[in-house]
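Engineer:
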Amino acid sequence: MVITGQRWANGQYTAGDRQPKLNKHLGENNLLTAPFHLEKLLFTPATPVDQATPVVFAFPNEYTIGITSLGYQIIWAMLAQRADLAVSRLFTDGHEPLPTQIELLGFSMSWELDYANILTQLESLTVPILSSDRGNEHPLVFGGGPVLTANPEPFAAFFDVVLLGDGEVVLEAFIDAYQTVRGSDRATQLRRLAQVPGVYVPALYEPIYDSPTGPIAAIQPVDADIPPVVEKQTYRGNTLSTSSVVTEKAAWENIYMVEVVRSCPEMCRFCLASYLTLPFRTAPVAGALMPAVEKGLAVTNRLGLLGASVTQHPEFDELLDYLNQPRFDDMRLSIASVRTNTVNQKLTETLTRHGTKSITIAIESGAERVRQIVNKKLATEEIVAAAVNAKAGGLSALKLYGMAGIPGELPEDLDTTADLMLQLKKAAPGLRLTLGCSTFVPKAHTPFQWYGVNPQADKRLKRLQKRLRPNGIDFRPESYNWSIIQAMISRGDRRLTPLLLQAREFGDSLGSYKRAFKALKGELPPLDFYVHAHWEREQPLPWEHLQGPLPKATLLKHLDSATTHFAPDPPTPVLAAGHP
Numbered sequence: 001m002v003i004t005g006q007r008w009a010n011g012q013y014t015a016g017d018r019q020p021k022l023n024k025h026l027g028e029n030n031l032l033t034a035p036f037h038l039e040k041l042l043f044t045p046a047t048p049v050d051q052a053t054p055v056v057f058a059f060p061n062e063y064t065i066g067i068t069s070l071g072y073q074i075i076w077a078m079l080a081q082r083a084d085l086a087v088s089r090l091f092t093d094g095h096e097p098l099p100t101q102i103e104l105l106g107f108s109m110s111w112e113l114d115y116a117n118i119l120t121q122l123e124s125l126t127v128p129i130l131s132s133d134r135g136n137e138h139p140l141v142f143g144g145g146p147v148l149t150a151n152p153e154p155f156a157a158f159f160d161v162v163l164l165g166d167g168e169v170v171l172e173a174f175i176d177a178y179q180t181v182r183g184s185d186r187a188t189q190l191r192r193l194a195q196v197p198g199v200y201v202p203a204l205y206e207p208i209y210d211s212p213t214g215p216i217a218a219i220q221p222v223d224a225d226i227p228p229v230v231e232k233q234t235y236r237g238n239t240l241s242t243s244s245v246v247t248e249k250a251a252w253e254n255i256y257m258v259e260v261v262r263s264c265p266e267m268c269r270f271c272l273a274s275y276l277t278l279p280f281r282t283a284p285v286a287g288a289l290m291p292a293v294e295k296g297l298a299v300t301n302r303l304g305l306l307g308a309s310v311t312q313h314p315e316f317d318e319l320l321d322y323l324n325q326p327r328f329d330d331m332r333l334s335i336a337s338v339r340t341n342t343v344n345q346k347l348t349e350t351l352t353r354h355g356t357k358s359i360t361i362a363i364e365s366g367a368e369r370v371r372q373i374v375n376k377k378l379a380t381e382e383i384v385a386a387a388v389n390a391k392a393g394g395l396s397a398l399k400l401y402g403m404a405g406i407p408g409e410l411p412e413d414l415d416t417t418a419d420l421m422l423q424l425k426k427a428a429p430g431l432r433l434t435l436g437c438s439t440f441v442p443k444a445h446t447p448f449q450w451y452g453v454n455p456q457a458d459k460r461l462k463r464l465q466k467r468l469r470p471n472g473i474d475f476r477p478e479s480y481n482w483s484i485i486q487a488m489i490s491r492g493d494r495r496l497t498p499l500l501l502q503a504r505e506f507g508d509s510l511g512s513y514k515r516a517f518k519a520l521k522g523e524l525p526p527l528d529f530y531v532h533a534h535w536e537r538e539q540p541l542p543w544e545h546l547q548g549p550l551p552k553a554t555l556l557k558h559l560d561s562a563t564t565h566f567a568p569d570p571p572t573p574v575l576a577a578g579h580p
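The sequence shown begins at 1 in our numbering and counts up one residue at a time.
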């Protein structure tokens, strides 16, 4: 159950392909009447009261992608169940009927490069792109999702408000606070909202730089009335999310999604899905998952179990027994993520029985030393056993996820990965093997946030390709060049705003970003600073004023634990001399 490039699936995605752009002229001919008509709602929207606040909730991509995002579904349902709101949805290929005067305009952002679609959607609604250009007559523009929770700074100028963390906690508090200042001027509204835990108002914080091209020196609130640190909000309950709508127009047709776990106990050192969403939470099988499945299968026969590490649910075996009841024989089952050492014959036979022909496991590297670096607690024997069990259980294909350019990785480690794939082919003959391989990209709030992208990663991807494709292994590398742009944004600060705008004007292509850096030379650090440089541990980070689940000191301890597995004379995370 994977959208292109996806590494984890809590209703989020990271698309690997460029997406079509929005029709800038929203009109009646662009209404999505047919797709909305086909929706089966699993909640009851409230009837808006008189003078209800008009809200547009947008997804910066096509309907088929947005409606498949469990995160988008849940936030939309939360908004639509409030009688004090009148909610319309907006996608890049259409919309519901829109209010004449929008008060709140929200975006769910799951992929960095969707920012260009957000800007186009703002233009389509005649809302100024920059928050500093908006007046009392314009809506408050808010955003949430994993990209903005991790590091909103490159996009800070586009949003009036950013919601950090789980929607179950921060959304209701944000709306409640807004209603208390609904009739006030914009400045009063923003100052009130900034007092709500998890609500970040970028305009009320000021970054200070050592120089226009140097690192950040500090990030400070504009005055003492503004909290110096905004803390991500975490939902700590064990009743997790389920689909609020089922439709044949979703990317996964007619799928009903159930969030089995949230976060991941493995805590791989690069993994945003784990570190940003801590702690690991599980929904009780009898008390939550079984009733959720019953509700969904009343309207569809396709079930998707979501979470960053679904099979590590402590009662997962009991859940399989429940799903294997004869009354569910016609159900089609998909599982978003499978921990490698949990791939046993019972699991694979269950999946085969319910229409799944392949599973995906993440191994990161064939070299055990590299897996120790990233804290992937996985032995080679367990990877081989997973392939054997997949074949024995009736599956026809196994996809593995790997990575190139991991900090501490040596070129020969890629040969070990190729050797492992050939070993799997021999151990499970007839099983179709695919290796999807990405480039390591540093992410905020993870231990590897101080490391840059390895400039040799592209060559290492090609090294794998040369070994694997002639031997019948389907090798699918993700674009190294787009990984560079993703890294730039994921480690970026507010100085990237004019660059993002310029790149968009230049055509939003790979070359447009390099062209924009050249045009803005001297006004911001060069590309290497954001992408390839190893940053000093002591320097303030662009997201220093935004507190994730773990403090900086703990992340550094985890980083130190990773570096104990480096080969002799490893790279040290310090900024290159003469930076940038």
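Just so it is clear, CB atoms sit at the ideal spot from N, CA and C, and this is done for glycine as well.
Below 8 Å, how does it come out for the stretch 521–535 and the stretch 482–500: are there three or more Cβ pairs, yes or no?
Structural biologist: yes
Engineer: Below 9 Å between beta carbons: does that hold for L433 and P152?
Structural biologist: The residue labelled residue 433 in the question sits at position 433 within the sequence shown. The residue labelled residue 152 in the question sits at position 152 within the sequence shown. No, these two residues do not count as a Cβ contact at 9 Å.
Engineer: Touch check for the stretch 179–196 and the stretch 511–518: three-plus C-beta pairs under 8 Å?
Structural biologist: no
Engineer: Do S244 and L42 have their C-beta atoms within less than 9 Å of each other?
Structural biologist: Taking the first residue of the sequence shown as 1, we reach residue 244 at position 244. Taking the first residue of the sequence shown as 1, we reach residue 42 at position 42. Yes. Within cutoff.
Engineer: What's the gap between the Cα of N454 and the Cα of P139?
Structural biologist: Within the sequence shown, the letter at position 454 stands for residue 454. Within the sequence shown, the letter at position 139 stands for residue 139. N454 and P139: Cα-Cα distance of roughly 42 Å.
Engineer: Take the Cβ of T247 as the centre, count every other Cβ of all protein chains shown within 10 Å, and call the residue buried at 16 or more, exposed below.
Structural biologist: Indexing the sequence shown from 1 puts residue 247 at position 247. Classification of T247: buried, given that the 10 Å Cβ count is 16 or more.
Engineer: In terms of DSSP beta bridges, what is C437 paired with?
Structural biologist: Here residue 437 refers to the residue found at position 437 of the sequence shown. Beta-bridge analysis with DSSP links C437 to G402 and P477.
Engineer: Alpha carbon to alpha carbon, what distance is there between P54 and L98?
Structural biologist: Indexing the sequence shown from 1 puts residue 98 at position 98. Indexing the sequence shown from 1 puts residue 54 at position 54. Near 9 Å, if we compare the C-alpha coordinates of P54 and L98.
Engineer: DSSP beta-bridge partners for T242?
Structural biologist: In the sequence shown, counting from the first residue as 1, residue 242 sits at position 242. T242 is bridged to V258.
Engineer: Can you give me the C-alpha to C-alpha distance between K443 and Y235, rounded to a whole angstrom?
Structural biologist: On the sequence shown, position 443 is the one that residue 443 refers to. On the sequence shown, position 235 is the one that residue 235 refers to. Distance between the alpha carbons of K443 and Y235 is about 22 Å.
Engineer: According to the Cβ coordinates, are L464 and L414 closer than 9 Å?
Structural biologist: In the sequence shown, counting from the first residue as 1, residue 464 sits at position 464. In the sequence shown, counting from the first residue as 1, residue 414 sits at position 414. Yes, the pair counts as a contact, with Cβ atoms nearer than the cut-off.
Engineer: Is it buried or exposed, D458, if we count other Cβ atoms within 10 angstroms and call 16 or more buried?
Structural biologist: Residue 458 sits at position 458 when you count from the first residue of the sequence shown. Buried.
Engineer: Considering only the alpha carbon of each residue, which of I359, M403 and T356 lies closest to K376?
Structural biologist: Along the sequence shown, read from residue 1 onward, the residue named residue 376 stands at position 376. When only C-alpha atoms are compared, the closest one is M403.
Engineer: Am I right that E318 and V293 are in contact with their C-beta atoms under 8 Å? What's the rounded C-beta distance?
Structural biologist: For this step, residue 318 is matched to residue 318 along the sequence shown. For this step, residue 293 is matched to residue 293 along the sequence shown. Actually they do not touch by this definition, with Cβ atoms about 13 Å apart.
Engineer: Assuming F158 is part of the alpha helix (DSSP H), what are its boundary residues?
Structural biologist: Translated into positions along the sequence shown, residue 158 becomes position 158. Neither: F158 is in no alpha helix (DSSP H) and is coded neither H nor E.
Engineer: Do you know offhand how far K462's Cα is from T439's?
Structural biologist: Locating residue 462 in the sequence shown gives position 462, where the first residue counts as 1. Locating residue 439 in the sequence shown gives position 439, where the first residue counts as 1. In a straight line, the C-alpha of K462 is about 12 Å away from that of T439.
Engineer: Who are the Cβ neighbours of E409 in its own chain at under 6 Å, not counting the five residues just before and after it?
Structural biologist: For the purposes of this step, residue 409 is taken as residue 409 along the sequence shown, with counting starting at 1. Apart from sequence neighbours up to five positions away, the residues of its chain that approach E409 with a beta-carbon distance below 6 Å are V370, ordered along the chain.
Engineer: Could you give the first and the last residue of the continuous beta strand (DSSP E) run that contains S88?
Structural biologist: As a working mapping, residue 88 is identified with position 88 in the sequence shown. From DSSP, the beta strand (DSSP E) with S88 extends over L85 to F91.
Engineer: Classify T47 as helix, strand or coil using the three-state DSSP reduction.
Structural biologist: Within the sequence shown, residue 47 is the residue found at index 47, counting from 1. Correct three-state label for T47: coil.
Engineer: Just confirm the distance between the C-beta atoms of P207 and I219, as a whole number of angstroms; I'd bet it's less than 8 Å.
Structural biologist: Position 207 of the sequence shown, counted from the first residue, corresponds to residue 207. Position 219 of the sequence shown, counted from the first residue, corresponds to residue 219. Confirmed, about 5 Å.
Engineer: Using the rule of at least 16 other Cβ atoms within 10 Å of the residue's Cβ for burial, across every protein chain shown, is N136 buried or exposed?
Structural biologist: Walking along the sequence shown from the start, residue 136 turns up at place 136. The C-beta of N136 has fewer than 16 other C-beta atoms within 10 Å across all chains shown, which makes the residue exposed.
Engineer: Between the Cα of A335 and the Cα atoms of G144, D84 and L351, which residue gives the shortest distance?
Structural biologist: Against the sequence shown, residue 335 aligns to sequence position 335. Here the sequence assigns Ile to residue 335, which means Ala is not the residue at that position. The candidate whose alpha carbon is nearest that of I335 is L351.
Engineer: Is the CB-CB distance between F107 and V141 below 9 Å?
Structural biologist: Within the sequence shown, residue 107 is the residue found at index 107, counting from 1. Within the sequence shown, residue 141 is the residue found at index 141, counting from 1. Cβ distance < 9 Å, so F107 and V141 count as in contact.
Engineer: Taking the beta carbon of V222 as the centre, do at least 16 other beta carbons fall within 10 Å, making it buried, or is it exposed?
Structural biologist: Residue mapping note: residue 222 aligns to position 222 of the sequence shown, counting from 1. Within a 10 Å sphere around the beta-carbon of V222 sit fewer than 16 other beta-carbons, which makes this residue exposed.
Engineer: Using 8 Å for Cβ pairs, my map puts V170 next to V199. What's the rounded Cβ distance?
Structural biologist: Counting from 1 along the sequence shown, the entry for residue 170 is found at position 170. Counting from 1 along the sequence shown, the entry for residue 199 is found at position 199. The pair is a contact, with the Cβ atoms about 7 Å apart (cut-off 8 Å).
Engineer: Assign Y235 to one of three DSSP states: helix, strand, or coil.
Structural biologist: Numbered from 1 along the sequence shown, position 235 holds the residue referred to as residue 235. Coil, per DSSP.
Engineer: Determine the contact status of T380 and G393, defining contact as a CB-CB distance below 9 Å.
Structural biologist: In the sequence shown, residue 380 corresponds to position 380, counting from 1. In the sequence shown, residue 393 corresponds to position 393, counting from 1. No, the pair does not count as a contact, with Cβ atoms beyond the cut-off.
Engineer: If contacts are defined as beta-carbon pairs under 8 Å, then L343 and I359 qualify, I think. What distance do you get, rounded to the angstrom?
Structural biologist: Stepping through the sequence shown from its first residue, residue 343 is reached at position 343. Stepping through the sequence shown from its first residue, residue 359 is reached at position 359. The question names Leu, but residue 343 in the sequence shown is Val. About 7 Å; that satisfies the 8 Å criterion.
Engineer: Under a Cβ-count criterion, where at least 16 other Cβ atoms within 10 Å of its own Cβ denotes burial, should T581 be classed as buried or exposed?
Structural biologist: Only positions 1 to 580 of the chain appear in the structure, and residue 581 is not among them; the question remains open.
Engineer: Considering only their Cβ atoms, is the gap separating H313 from T340 smaller than 9 Å?
Structural biologist: Reading the sequence shown from its first residue, position 340 is the one you call residue 340. Reading the sequence shown from its first residue, position 313 is the one you call residue 313. Against a cut-off of 9 Å, the Cβ pair of H313 and T340 comes out as no contact.
Engineer: Run through the stretch 92–146 for me and flag every whole beta strand (DSSP E) of 3 or more residues, listed as ranges in chain order.
Structural biologist: 104–108 and 140–144
Engineer: In whole angstroms, give me the CA-to-CA distance for I378 and I473.
Structural biologist: Walking along the sequence shown from the start, residue 378 turns up at place 378. Walking along the sequence shown from the start, residue 473 turns up at place 473. The identity of residue 378 in the sequence shown is Leu, whereas the question assumes Ile. Looking at the two C-alpha atoms, the distance is approximately 22 Å.
Engineer: Take P48 and list the residues in its own chain whose beta-carbon comes closer than 7 Å to its own, dropping the five residues that flank it on each side.
Structural biologist: As a position in the sequence shown, residue 48 is number 48, starting the count at 1. Around P48: A83, L85 and A86.
Engineer: Excluding sequence positions up to five away, which residues of its chain have a Cβ less than 8 Å from the Cβ of I361?
Structural biologist: Here residue 361 refers to the residue found at position 361 when the sequence shown is read from its first residue. The residues V338, R339, T340, V343, I383, A386, L398, K399, L400 and Y401, in chain order, have a CB closer than 8 Å to that of I361 in the same chain once the five nearest residues on each side in sequence are set aside.
Engineer: Determine contact between the stretch 288–302 and the stretch 479–486, defined as no fewer than three beta-carbon pairs at a distance below 8 Å.
Structural biologist: no
Engineer: Can you give the Cα-Cα distance for V162 and F475, rounded to whole angstroms?
Structural biologist: Here the question's residue 162 lines up with position 162 in the sequence shown. Here the question's residue 475 lines up with position 475 in the sequence shown. Each residue's Cα considered, the two are about 38 Å apart.
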